[in-house]
Amino acid sequence: MSDTKRRKDKKTAPDFSLPDVNHNPITLSKVLAAGKTAMVIFLRHLG
Amino acid sequence: MVCAEHVAQLCQYRKELKQLNVAVLLISFGPEEHAKDWLEGICPSFQLLLDPERTAYHTYNLKHSWLSSWNLKTLMYYARALFGGREWRGIIGDSAQLGGDFIIDRDRNLLLEYCSKEATDRPQIAELLRILRDQKA
Numbered sequence: 001m002s003d004t005k006r007r008k009d010k011k012t013a014p015d016f017s018l019p020d021v022n023h024n025p026i027t028l029s030k031v032l033a034a035g036k037t038a039m040v041i042f043l044r045h046l047g
Numbered sequence: 048m049v050c051a052e053h054v055a056q057l058c059q060y061r062k063e064l065k066q067l068n069v070a071v072l073l074i075s076f077g078p079e080e081h082a083k084d085w086l087e088g089i090c091p092s093f094q095l096l097l098d099p100e101r102t103a104y105h106t107y108n109l110k111h112s113w114l115s116s117w118n119l120k121t122l123m124y125y126a127r128a129l130f131g132g133r134e135w136r137g138i139i140g141d142s143a144q145l146g147g148d149f150i151i152d153r154d155r156n157l158l159l160e161y162c163s164k165e166a167t168d169r170p171q172i173a174e175l176l177r178i179l180r181d182q183k184a
């Protein structure tokens, strides 16, 4: 059912820059540049 | 499971995620006034980013579908949850938007791309942790 793709090949994740709830801009590439792995979870709605 | 439960389950592993040097970035298109309260109630340790225009949603090819979001499986899920005593928080925002989970390494390579096919479709927490632990090893 799920579109699970644990990737074996290399595909670059699109970069993004969005504000957090405290209005601080967060850029994916900057998070990664700090040596972190990112887990990005897109929510449906805030229910 | 639905978003809130998925994030709440993942939140139970927040200490390990920190040890693994993982930044958990939640992204919502929901209204800002609800976002802080939602995060406080589910997992204040994570970061919640706001994407009201759904720019990132589109970039990551996430589906928008009423049929997929409100199919029989989803309705049954909510019915069971409500009869089981789950509090109904209401729906804030566009309930036809589907979510997804992505794990990205420090070189910006996608280690996992998981686009939900319906509202309750999320990867298993164990699978997410497996990928992150493998990445660290």
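For the record, the sequence lines run as chains A and B. If you count the first sequence from 1, position 28 lands on 28 in my numbering, and the numbers rise without skipping. If you count the second sequence from 1, position 34 lands on 81 in my numbering, and the numbers rise without skipping. Glycine residues also receive a C-beta, built at the ideal position from the N, C-alpha and C atoms.
Would you decide whether residue i is buried or exposed? Buried here means 16 or more other CB atoms lie within 10 Å of its CB.
i        : result
B:TRP85  : buried
B:GLU165 : buried
B:GLU63  : exposed
B:PHE76  : buried
A:MET1   : Confidence is the limiting factor: at A:MET1 the pLDDT is only 39, short of 50, which leaves the residue's position unreliable and the question unanswerable from this model.
B:HIS105 : exposed
B:PHE130 : exposed
B:ARG169 : buried
B:LEU114 : exposed
B:LEU119 : exposed
A:HIS55  : A question about residue 55 of chain A goes unanswered here, because the residues of chain A that appear run from 1 up to 47.
B:ASP98  : buried
B:THR167 : buried
B:SER92  : exposed
A:ALA33  : exposed
Quick one, are the C-beta atoms of residue i and residue j less than 7 angstroms apart?
i        : j        : result
B:ALA70  : A:VAL21  : no
B:GLY140 : B:CYS162 : no
B:GLN35  : B:LEU72  : No answer is possible for residue 35 of chain B: it lies beyond the span of chain B, which begins at 48 and ends at 184.
B:ILE178 : B:LEU159 : yes
B:GLN56  : B:ILE172 : yes
B:CYS58  : B:CYS90  : yes
B:LEU109 : B:LEU145 : yes
A:GLY35  : B:ARG153 : yes
B:ILE74  : A:MET39  : no
So, under 8 angstroms CB-CB, residue i and residue j are touching, yes? Tell me the CB distance rounded to an integer number of Å.
i        : j        : result
B:GLN182 : A:THR37  : 6 angstroms
A:ILE45  : B:SER142 : Rather than Ile, the amino acid found at residue 45 of chain A in this sequence is His. Yes, they are in contact, since the Cβ atoms of A:HIS45 and B:SER142 sit about 5 angstroms apart, within 8 angstroms.
B:ALA103 : A:LEU43  : Not really, about 11 angstroms apart at Cβ, beyond 8 angstroms.
B:TYR107 : A:PRO14  : 7 angstroms
Say whether chain D places a C-beta atom closer than 7 angstroms to the C-beta of residue i.
i       : result
A:PRO25 : The structure shown has no chain D; the protein chains it does contain are A and B.
Should residue i be counted as a contact of the ligand HEM given a C-beta to heavy atom distance under 6 angstroms?
i       : result
A:ALA38 : The ligand HEM is not among the ligands present in this structure, which contains no ligands whatsoever.
Given a limit of 8 angstroms on CB to CB distance, which residues of the segment 95-119 of chain B reach chain A?
-> LEU95, LEU96, LEU97, ASP98, THR102, ALA103, TYR104, THR106, TYR107, LEU109, SER116
When Cβ atoms are compared, which residues of the segment 72-84 of chain B fall closer than 9 angstroms to chain A?
-> LEU72, LEU73, ILE74, SER75, PHE76, GLY77, PRO78, GLU79, HIS81, ALA82, LYS83, ASP84
Residues of the segment 153-165 of chain B with Cβ closer than 7 angstroms to any Cβ of chain A, in chain order = ARG153, ARG155, ASN156, LEU157, LEU158, LEU159, GLU160, TYR161, CYS162, LYS164
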